[in-house]
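Residue numbers (the numbering used here): 630 to 774.
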């Protein structure tokens, strides 16, 4: 098995084997909550635009943007930079957020397929079966006051 040094992460990597036996190129699969791109561009939407543009250019990083929205999910592709894939599975916001606030179901992998990391960009990071979870907190005013 070929093992190589990733120049971006500085880690030694071996290809992951798919069920078919064909190797998957080394790298990282990221699911990114791009829901804030569907509304008016407030601070969180601007953050998502900048983050996705930067992440799209990282070698070995495969980014899948999802939107927790039933009706507007198809519009997400209009807002994504080249190199970022859009997840088109329906994710109805009210039932999903209600479920995520009480249970670890449904995991994000039901919608995005297998990922290594899921990034919640606005209040909520989806539950995951195996993926590491990252949440960006944009405003700590409520903690201080």
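The beta carbon of each residue, even a glycine, is placed where N, CA and C say it ideally should be.
key: Buried versus exposed, by CB contacts within 10 Å (16 or more), residue 755   = buried
task = Mark residue 717 as exposed unless 16 or more other C-beta atoms lie within 10 angstroms of its C-beta, in which case mark it buried.
result = exposed
ask   = residue 750 and residue 662: beta carbons closer than 8 Å?
value = yes
message = If the criterion is Cβ atoms closer than 8 Å, does the pair residue 692 and residue 767 meet it?
response = no
query = How long is the line joining the alpha carbons of residue 763 and residue 699, rounded to whole angstroms?
reply = 23 Å
ask   = How would you label residue 665, buried or exposed, when you count the other beta carbons within 10 angstroms and need 16 or more for buried?
value = buried
ask   = Just how far apart, CA to CA, sit residue 728 and residue 680?
value = 27 Å
ask   = From the DSSP output, which residues share a beta bridge with residue 761?
value = 746
ask   = Is the beta carbon of residue 736 sitting closer than 8 Å to the one on residue 758?
value = yes
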